[in-house]
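The structure appears right after this line, and notes come after that.
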Amino acid sequence: FLQGKLLLKMNFGNEAVVAFQKAVKLDEEDIDARVLLARSLNITKRWKTALLHADMVLTVDDQNADAWFCRAHALKHLDKEWMAWRARRRAQHLNPKYKDVEKCNLF
943 FLQGKLLLKM
953 NFGNEAVVAF
963 QKAVKLDEED
973 IDARVLLARS
983 LNITKRWKTA
993 LLHADMVLTV
1003 DDQNADAWFC
1013 RAHALKHLDK
1023 EWMAWRARRR
1033 AQHLNPKYKD
1043 VEKCNLF
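Position 11, counted from 1, in the sequence shown is what my numbering calls 953; the numbers after and before it change by one each time, with no gaps.
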């Protein structure tokens, strides 16, 4: 898990995906690992799989702003603009750090 976080910070997206996949395999209920897996999948442009993992988190915790943001990011790149906008608004509502999301390099 910590290795994946370090790889993600260092912009090693593919390596981070592998590390978070291992973390999720060890504990499928680890929401933090699954959100970070979705984030690294977005970074590596695997939009559909990122969306799948973000949605898995949201079925357990629909108040997870990071998962909503990962969902919005994936939807935007899957040309589902309206759904992306709604997911982004939800992330912004849950966590003020997403208020200035247009400047964020993930969106």
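Note that beta-carbon positions come from the ideal geometry of N, C-alpha and C, so glycine has one too. A quick note: this is a predicted structure, and the numbers were derived from the prediction, not measured.
- prompt: How many angstroms separate the CA atom of V1002 from the CA atom of A965?
  reply: Here the alpha carbon of V1002 sits roughly 18 Å from the alpha carbon of A965.
- prompt: Who are the Cβ neighbours of V999 in its own chain at under 6 Å, not counting the five residues just before and after it?
  reply: Excluding five sequence positions before and after V999, the CB atoms of its chain that fall closer than 6 Å to its own CB belong to I973, R976, V977, N1006 and A1009, given in chain order.
field: V960 (DSSP reduced to helix, strand or coil)
entry: Here V960 sits in helix by DSSP.
query: Between L1017 and A1029, which are expected to be in contact by the criterion C-beta below 8 Å, what is the C-beta distance as a whole number of angstroms?
result: Correct: roughly 6 Å between the Cβ atoms.
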